[in-house]
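> Take this structure first; my questions come after.
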Amino acid sequence: MLTIDEHITFEELPFHLGLLSDSVVFISSDLKEIAYQAKQEKKNIDINLFIKNLQLTVKDGTIVIPAYTDYLKDGDTFDYTKSKPSTGAISNRVIKNKDFTRTKDPLHSVLIWGRDRDEIMALHDNSTFGENSIYGYLHQKNCIFIFIDVHIINSFTFIHFVEEQLKVPYRKYRNLKINVVEGQDSSIQHVLFHTKKWGVLNNFDLLNERLLQNKRMTRYTYRGIFIDTVLAQDAYTEVKHCIQRKEYLYNFSWKEYVKSFIKKILGK
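Numbering-wise (my numbering), the sequence shown opens with residue 8 and increments by one.
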């Protein structure tokens with residue numbers, strides 16, 4: 008475990024996470040504790056400056072920030088210029104940053120900046136976790152995932168790409184029809200969503216433990232919080248090993264099964 012000096016500001020963190028100038032970086036975060044500590048010191052955190060410093064650090068690379076709308080249901084509408092991300096403060100600030108471009112996946116759009124912008128914008132897969140989705144790109148480029156004060160259970164969507172690749176038995180495809188708006192035009196897009204079967208609850212505790220034990224994940228401590236980093240190909244390997252050993256990344260809950268059944272009956 009590594010320690011980042013408490014005198015380092017939130018905005019300076021990109022300089023202290025072992026990033027290279029050509030890194031592909033994916034940021035997941037929960038900034039509530041960092042913002043609370045800043046407020047106690049009568050300060051405000053500056054997400055724009057954090058992003059500017061990240062751009063300086065990976066000046067020859069690519070930044071990817073989730074702007075997911077995975078709350079959308081069959082028949083809902085996605086407008087990449089207006090649909091609000093469900094992925095936290097950084098996403099909702101960066102979506103206003105003209106340096107970044109939002110992709111058009113109705114469920115798992117991302118905000119991108121840097122070298123591979125055009126390559127990412129050209130990606131298309133009928134499956135939101137498919138080989139030609141953003142997750143296939145992250146795997147191919149061996150992206151570095153950064154988790155700022157957030158557990159992988161709440162943020163590591165890349166795992167579902169691996170599960171789809173390995174055809175795990177506890178997930179299934181759903182075909183969603185999403186109304187996609189682009190300017191004055193709109194069209195129905197069919198999206199394959201490899202989602203949990205009824206009663207399945209994600210459980211990544213064992214995976215998190217294995218990533219740390221096998222030194223595939225680097226953990227930093229900073230002002231009482233954890234910041235974790237892991238490379239995409241290392242994560243893929245560890246997830247694959249867990250699944251091949253039948254150490255599935257879920258628990259089964261009859262309560263959750265019944266809830267799903269009732270929702271189906273009620274048409275929710």
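Glycine is no exception: its CB is placed at the ideal position from the N, C-alpha and C atoms.
All figures in this text were calculated on a predicted structure; none of them were measured in a lab.
Just checking, does the region 149-163 make contact with the region 24-42 on the three C-beta pairs under 8 Å criterion?
yes
> Buried or exposed: where does W120 fall if 16 or more other Cβ atoms within 10 Å of its Cβ makes it buried?
buried
> Between the C-alpha atoms of D112 and K103, what's the straight-line distance to the nearest angstrom?
18 Å
> Where does the unbroken alpha helix (DSSP H) through M128 begin, and where does it stop?
R124 to M128
> Under a three-way DSSP split, which group does I141 fall into?
helix
> Using the C-alpha atoms, what's the distance from K49 back to C249?
When rounded, the distance between both Cα atoms is 45 Å.
> Straight-line CA distance for I185 to Q47?
43 Å
> Buried or exposed for P176, going by 16 or more other Cβ atoms inside 10 Å?
exposed
> Where does the unbroken beta strand (DSSP E) through F233 begin, and where does it stop?
I232 to L238
> With a threshold of 8 Å, are at least 3 pairs of Cβ atoms found where one atom belongs to the region 37-45 and the other to the region 230-239?
yes
> For the region 82-98 against the region 127-139, are there 3 or more C-beta pairs whose distance is under 8 Å?
No, the region 82-98 is not in contact with the region 127-139.
> Helix, strand or coil, according to DSSP, for L118 in the structure here?
strand
> For E216, report the span of its alpha helix (DSSP H) as first-last.
From DSSP, the alpha helix (DSSP H) with E216 extends over D212 to Q220.
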